[in-house]
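Here the structure is laid out as structure tokens; the discussion comes afterwards.
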Amino acid sequence: MFAAFLAALTDLAGVGLLATAAWLIARAAERPPLIALSVAIVAVRTLAIGKGTLRYVERLVGHDAALRVLAKLRTRVYATLSAGGTSLPHGDLLARLVSDVDGVQDALLRCAIPAGVAVLVAVATVGFTAAYLPAAALVLATGMLLAGLVLPVAAYAIAAGAARRTATVRGGYLAASVDVLHGAADLAAFGATGTALARARDESTGLARLTRAAGTAGSAVGAVSVPVPALTAVGVCLLATRAPGLNPVMVAVLSLVALAAVEAVLPLTGAAVRLADLRGSLERVRALLRQGSAPAGSLRVRDGITVDGPVEASVLSGPVDIRLDGVSARYADDRELALDRLDLDLPAGRRVAVVGPSGAGKSTLLGVLAGTVPPAAGTVAVNARTEEPAQRWRIAGGVLADGYVFHATMRENLTLGRPGLPDGQLLDALRTAGLRSAPEDLDRTLGEDGAQVSGGQRQRLLLARALLAPPPVLLLDEPTEGLDPAAADEVLGQALAAVPGHTVVLVTHRLADLSAFDEVLVLADGRVAQRGRHADLLTEPGWYADWARGGDLQTWRSTVT
Amino acid sequence: MRPVDPRLLRLPRLRRYLVAVVCSGVLAALLVVAQASALAQVVAAGVAGRLDRAALVAVVAAVALRAALHVASGIVAARTAAAVKADLRDAVLAEATGRGPEWLAGQRAGELATLVGRGVDAMDAYLTGYLPQLVLGMTVPVAVLVRIAWADPASAVIVGVTLPLLPIFAILVGWQTRSRTERQWRLLSRLGGHFLDMLGGMATLRSFGRARAQVEVVRVMADRYRGATMRTLRLAFLSALVLELVATVSVALVAVPVGLRLVGGSLTLPVALVVLLLAPEAYAPLRAAGAQFHASQEGLSAAADVFAVIESPVAPTRALAAARLPDPATAELVFDGVTARCLTGVSFTVRPGERVALTGPSGGGKSTLLALVLGFLAPAGGRVLAGGADLSTVDLAEWRARLAWVPQRPHLFAATVAANIRLGAPDAALAEVRDAARAAHADGFIQGLPGGYETVLGERGYGLSSGQRQRVALARAFLRIGAVPHALVLLDEPTARLDAQSEAAVLAGSAELVAGRTALLVAHRPALVAVADRVLRVADGTVREAPAGVRA
């Protein structure tokens, strides 16, 4: 608001400069004594310098305010998303968060401030004119309304329609470009690069057609605004000429005030077009923020990628018992149940292995335990109390299917759960997870989503990270994926030994030595098909026994060859 | 500060646009002068209590023409900007895919996605705003100066002396801010990547209780962005301040002596008014261009990034020496002293019809070997030969059409499941797609999707579990094998995400399909290794024959 006030002062200084100069000249034409002009001469010079200086201060204040809002907004958007746990597609998210949030800054700078300025300038100049000649004030007010309200509204309406149409096409283009760029390997290998490129080209052509139309409509409205200042000035001049008793000098002054005032509000038409472009962004940001937010304390940021800083304390440091009663869950509303009325008792320190065909609900079960998948029915009780799923991370976590490797150094990726651990401990954890590394590897930067890490390495990096900050209930989703069986058993054994007393839930479809587990759960179609100890299940006819045999190399070989 | 990137001028569309902009700039300058002169006549007559009808008509005519010119140049600008942006977008994507998947790995894909999205859009401000304004900044002052000189040479001297100060100061300040602006764009680009990274890893951050800590990081990053921007702006606006001061003080410098000379009687009111109305017009366009300079720089930076991608020298163009493409059915695949990434001087041969398993520790180079066969990666030393033809000389598209590849982490597209399976064979009938899916054990779960094979997946295959994605990728390979019976099969741990039962079934199917074909299998699990005739161990940069009896 302060910025708008400063900006209005700046514009009024400009109007005043022209008006004073006009008075000076018109009065001088009457050949008065020089002394009569001296005040005007000083005023002209003061206004000239004042205007430039004011402009500078005003722009800095305005931008700083807008950037502060932007910083707050980025933080709130992130905080809201981190609290809400909504998962959105990648390319879309990037485009939206960067451009929607930047859009708010633009809206402030280019729309909100100029609108405030226009109101202040209009009030001041119309009031000034009215003091001399009310009829001329009416003409000026008409010109101001036309240039500052009618045309901007028209421009907004035209551009909003175009922006609405553009948004969908733009999203389509972004999705196509993400497929071309992120799916390059798959496209190349299957000779589909050309098709994907053609699709992206179609989308960019469509986008070009729409933006072209929007630009044309915008310039038409802009053209209507071009004649308004001069015509308003002419109108004021004609009225002033015929006004009886008006000092002739004021004819020039009022005409030029009208010209300068209307010119000062002309940028509003452009601002309205801009606002229409931004409307979708503003609405999306507003809708997103309505979901709530959570601010935070302060900490050290290194290179903006990762952190050194506090980890939210685990509420429960003592033993944790979890009990699932008749829990059902689904991935999406329109999908079948991924888990169907599951009961599971997890007293502290219990070790449970979950096996079964893919799609049986194994990862969903881990999601329910980790609190990322809300149960559709049934209860999850922690220490006999029903807990908010949002707080579950304090209790349960580990190597999960959506485990993420950040674009940061290996050290930063490892110390996510416990910042500031000595390198020796990190290397030990890596060794336990079956990833032999040299100290200098810790400084290696890993790619986006771990692109420069192989699949097995990635899984073991996640395991090492989980072992460095094990929650009371350690969830392990295929921690040894990509390892050969002997190494996998060794890593699993080491990992279990490294977390004595912790509850462990292991999901695996690899045949491992599961005799160390208190219970083995066989899931099929979201239900428990079999449950019991490894040794007992082996003797019981059913899926588990078949699976154990199927995994045996020799037996398997004889069935194939 | 370079107002026009010379590389932009190589685009014929942009050269034509510049001509149009200059023509309209000259016209606009003449109209500005005409309008101000006529308006001064009207006002001067008004002060004298008269009505100058001819001047009135002239004002109306001048503003009408200006409006018409505004529409015309707006249309041309919109058309050009839209077309240039589309051309540059297409060029970036074409170049990026031309360079291959290895070049795009890491963060580059994300950066380019930002560039073709937001980056290219930023060129609007430059093309439709700054460039025309810059031209006006040259034509209008000249026209105004000529008109003032004709009316009152003394005032023309003042304007003529102060006018050049504008570009001089602008250039001086521009030099100071240019590198900073470019740095800011990089920072912004990195911030985009940072956002993506933080959001992509949101679940992980939460599971470690770090999501809220990252809120602070995001805030600090945004604050840094503000700091960097404000540092740039303080300098950038300094130029605006100087321009504004020069302009307003010059108007004062013109107005005061004109007033004094009016008193002296050496000047008439109409002339004085013309000078007063025109003097600000001389400075206005240059100042407007200066105001748009900052916004336009982002567009110019983006343009520079685009040209850096589409014009920097690519790896030497491939000499397509081998006219006859090797047929995997009969061709020997030879690695001849190949050095690439972690591999050093690797040599081995895969005979036609032989199925070779690659085992060894993670990160040992197994996937690199497949990337070499796929032509994603050119060896830094040595050669990869297929049927005696050096892979660096064959038509890669043709060669890849003879490969069936199942990657470790397949990319699924924002399209239907059927389209995802049809990736390599867009014309395949639904029956063929279903056969392939059945072989990959994907048919069952696909039938269970709400739209079956026509279910549209989200971006990057959102909505499928990793095991399901893997089976879609397998189905792709099965479809390829169905179309190219002798395809060379490349499997990168295809069963890593499957449970033992479907793994056994998939392996049984695979065994059938790789029979009589050459195959390279990256494998850890004994079940997959068992399919192979031979096992190679990839470790410590070398490839060794695994001793007989030692599997994996």
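Protein sequences appear in the order of chains A and B.
Residue 0 is where the first sequence starts when you use numbering that gives the first Met the number 0, and the numbers rise one by one after that.
Residue 0 is where the second sequence starts when you use numbering that gives the first Met the number 0, and the numbers rise one by one after that.
Virtual Cβ for every residue (Gly too), placed ideally from N, Cα, C.
Original post:
Around the C-beta of T348 of chain B, are 16 or more other C-beta atoms found within 10 angstroms, so that it is buried, or is it exposed?
Top reply: The residue you call residue 348 of chain B lines up with position 349 of the second sequence. When all chains shown are included, T348 of chain B counts as exposed.
**OP:** Report buried or exposed for S265 of chain B, applying the criterion of at least 16 other Cβ atoms within 10 angstroms of its Cβ.
**Re:** What you label residue 265 of chain B is simply residue 266 of the second sequence in a count that begins at 1. When all chains shown are included, S265 of chain B counts as exposed.
Original post:
What separation, rounded to the nearest whole angstrom, lies between the Cα atoms of A95 of chain B and A175 of chain A?
Top reply: Taking the second sequence and counting its residues from 1, one reaches residue 95 of chain B at position 96. Taking the first sequence and counting its residues from 1, one reaches residue 175 of chain A at position 176. Distance between A95 of chain B and A175 of chain A, taken at the CA atoms: about 14 angstroms.
**OP:** At 9 angstroms on the CB atoms, spell out the chain A contacts of I74 of chain B, in chain order.
**Re:** Looking up residue 74 of chain B in the second sequence gives position 75. Those are R211, G214, T215, S218 and A219, listed as they occur along chain A.
Subject >> Extent of the continuous beta strand (DSSP E) to which S391 of chain B belongs >> reply: For the purposes of this step, residue 391 of chain B is taken as the residue at position 392 of the second sequence. Looking at the DSSP string, S391 of chain B is not in any beta strand (DSSP E), and its letter there is neither H nor E.
Original post:
Exposed or buried, what is W149 of chain B when buried is set at 16 or more other beta-carbons lying within 10 Å of its beta-carbon?
Top reply: In the second sequence, residue 149 of chain B corresponds to position 150, counting from 1. Classification of W149 of chain B: exposed, given that the 10 Å Cβ count is below 16.
Subject >> With 16 other Cβ atoms within 10 Å as the buried cut-off, status of A18 of chain A >> reply: Indexing the first sequence from 1 puts residue 18 of chain A at position 19. Classification for A18 of chain A: buried.
Original post:
Is the beta carbon of A251 of chain B sitting closer than 7 angstroms to the one on A64 of chain A?
Top reply: As a first step, residue 251 of chain B is located in the second sequence; it is residue number 252 there, counting from the start. As a first step, residue 64 of chain A is located in the first sequence; it is residue number 65 there, counting from the start. Contact flag unset, no.
**OP:** Have a look at A281 of chain B and V158 of chain B and give me their C-alpha separation to the nearest angstrom.
**Re:** Position 282 of the second sequence holds residue 281 of chain B. Position 159 of the second sequence holds residue 158 of chain B. The alpha-carbon atoms of A281 of chain B and V158 of chain B are separated by roughly 8 angstroms.
Subject >> Residue-chain proximity (F127 of chain A, chain B), Cβ-Cβ < 7 angstroms >> reply: Numbered from 1 along the first sequence, position 128 holds the residue referred to as residue 127 of chain A. No, no contact with chain B.
Original post:
Considering only the beta carbon of each residue, do V252 of chain A and A3 of chain A sit closer than 7 angstroms?
Top reply: The residue labelled residue 252 of chain A in the question sits at position 253 within the first sequence. The residue labelled residue 3 of chain A in the question sits at position 4 within the first sequence. The answer is no: Cβ separation not under 7 angstroms.
Subject >> C-alpha distance - L491 of chain A paired with G363 of chain B, whole-angstrom precision >> reply: As a first step, residue 491 of chain A must be located in the first sequence, where it is residue number 492. As a first step, residue 363 of chain B must be located in the second sequence, where it is residue number 364. The alpha-carbon separation between L491 of chain A and G363 of chain B amounts to approximately 21 angstroms.
Original post:
Does the distance from the CB of Y560 of chain B to the CB of L299 of chain B come in under 7 angstroms?
Top reply: Residue 560 of chain B lies beyond the residue range present for chain B, which begins at 0 and ends at 551; the question has no answer from this structure.
Original post:
Just the Cα atoms here: how many angstroms apart are G90 of chain A and R6 of chain B?
Top reply: Against the first sequence, residue 90 of chain A aligns to sequence position 91. Against the second sequence, residue 6 of chain B aligns to sequence position 7. With a pLDDT of 47 at G90 of chain A, under the threshold of 50, the modelled position of this residue cannot be trusted; read the value that follows with caution. Their Cα atoms are separated by approximately 29 angstroms.
Original post:
Counting along the chain, where does the beta strand (DSSP E) carrying L474 of chain A start and finish?
Top reply: Here residue 474 of chain A is taken as the residue at index 475 of the first sequence, counted from 1. Start and end: V472 to D476.
Original post:
Exposed or buried, W590 of chain B, counting other C-beta atoms within 10 Å across all chains shown (16 or more means buried)?
Top reply: Coverage of chain B is limited to positions 0 through 551, which leaves residue 590 of chain B absent and any answer about it impossible.
Original post:
How many angstroms separate the CA atom of A112 of chain B from the CA atom of V56 of chain B?
Top reply: Within the second sequence, the letter at position 113 stands for residue 112 of chain B. Within the second sequence, the letter at position 57 stands for residue 56 of chain B. Just so you know, the alpha carbons of A112 of chain B and V56 of chain B end up roughly 54 angstroms apart.
**OP:** Would you identify the three-state DSSP class for S297 of chain A, choosing helix, strand or coil?
**Re:** Residue mapping note: residue 297 of chain A aligns to position 298 of the first sequence, counting from 1. The predicted model places S297 of chain A with a pLDDT of 35, which falls under 50 and marks its position as unreliable; any figure quoted below should be read in that light. DSSP places S297 of chain A in coil when its eight states are reduced to three.
Original post:
Listed in chain order, which residues of the segment 228 to 262 of chain A have Cβ atoms closer than 8 angstroms to some Cβ of chain B?
Top reply: A229, L230, A232, V233, C236, L237, A239, T240, P247, V248, V250, A251, S254, L255 and L258
Original post:
Would a check of beta-carbon distances place R200 of chain A closer than 7 angstroms to chain B?
Top reply: What you label residue 200 of chain A is simply residue 201 of the first sequence in a count that begins at 1. Answer yes: the Cβ-Cβ gap between R200 of chain A and chain B drops below 7 angstroms somewhere.
**OP:** Could you tell me which chain A residues have their CB closer than 8 angstroms to the CB of T247 of chain B, listed as they occur along the chain?
**Re:** The count along the second sequence starts at 1 and reaches residue 247 of chain B at position 248. By Cβ distance, chain A contributes G13, L16, L46, A47, I48, K50 and G51.
**OP:** Assign Q529 of chain A to one of two classes, buried (16 or more other C-beta atoms within 10 Å of its C-beta) or exposed (fewer than that).
**Re:** Here residue 529 of chain A is taken as the residue at index 530 of the first sequence, counted from 1. Buried, since its Cβ has 16 or more Cβ neighbours within 10 Å.
Original post:
Since D105 of chain A sits in a beta bridge, which residues does DSSP pair it with?
Top reply: In the first sequence, residue 105 of chain A corresponds to position 106, counting from 1. DSSP lists no partner for D105 of chain A.
Original post:
Would you say the segment 24 to 43 of chain B touches the segment 193 to 203 of chain A, given that touching needs at least three Cβ pairs under 8 angstroms?
Top reply: no
Subject >> Assigned secondary structure, E518 of chain A (DSSP; H/G/I helix, E/B strand, else coil) >> reply: For this step, residue 518 of chain A is matched to residue 519 along the first sequence. Reduced to three states, the DSSP call for E518 of chain A is strand.
Original post:
Buried or exposed: which applies to D442 of chain B, given that a residue is buried once 16 or more other Cβ atoms fall within 10 Å of its Cβ?
Top reply: Here residue 442 of chain B refers to the residue found at position 443 when the second sequence is read from its first residue. Counting Cβ neighbours within 10 Å, D442 of chain B comes out buried, since at least 16 surround it.
Subject >> chain A residues whose Cβ lies nearer than 9 angstroms to that of D89 of chain B >> reply: If you number the second sequence from 1, residue 89 of chain B lands on position 90. Result: L196, A199, R200, S203 and T204.
Original post:
Quick one: is H69 of chain B near chain A, going by C-beta distance under 7 angstroms?
Top reply: Indexing the second sequence from 1 puts residue 69 of chain B at position 70. The C-beta of H69 of chain B comes closer than 7 angstroms to at least one C-beta of chain A.
Original post:
Going along chain B in order, which residues have a C-beta closer than 9 angstroms to the C-beta of R30 of chain A?
Top reply: The residue labelled residue 30 of chain A in the question sits at position 31 within the first sequence. Simply L261, V262, G263 and G264.
**OP:** Within the same chain, show all residues whose beta-carbon is closer than 7 angstroms to that of L276 of chain B, passing over the 5 residues directly before and after it, in chain order.
**Re:** Numbered from 1 along the second sequence, position 277 holds the residue referred to as residue 276 of chain B. So the list reads A35, L38 and A39, once near-sequence residues are dropped.
Subject >> Inter-stretch contact (C-beta, 8 angstroms, three-pair minimum) for the segment 474 to 494 of chain B and the segment 425 to 441 of chain B >> reply: yes
Original post:
the segment 31 to 44 of chain B: which residues have C-beta closer than 7 angstroms to a C-beta of chain A, in chain order?
Top reply: Q34, L38, V41 and V42
Subject >> Which of helix, strand or coil DSSP assigns to D63 of chain A >> reply: By 1-based counting over the first sequence, the position of residue 63 of chain A is 64. Reduced to three states, the DSSP call for D63 of chain A is helix.
**OP:** Determine the extent of the alpha helix (DSSP H) in which G136 of chain B is found, giving its start and end residues.
**Re:** Indexing the second sequence from 1 puts residue 136 of chain B at position 137. From DSSP, the alpha helix (DSSP H) with G136 of chain B extends over L130 to A150.
Original post:
Is any beta-carbon of chain E found at less than 7 angstroms from that of T228 of chain B?
Top reply: In the structure shown, chain E cannot be found, because the protein chains are A and B.
**OP:** Check the Cβ-Cβ distances between A188 of chain A and every residue of chain B, and say whether any is below 7 angstroms.
**Re:** Numbered from 1 along the first sequence, position 189 holds the residue referred to as residue 188 of chain A. Cβ-Cβ to chain B under 7 angstroms: yes for A188 of chain A.
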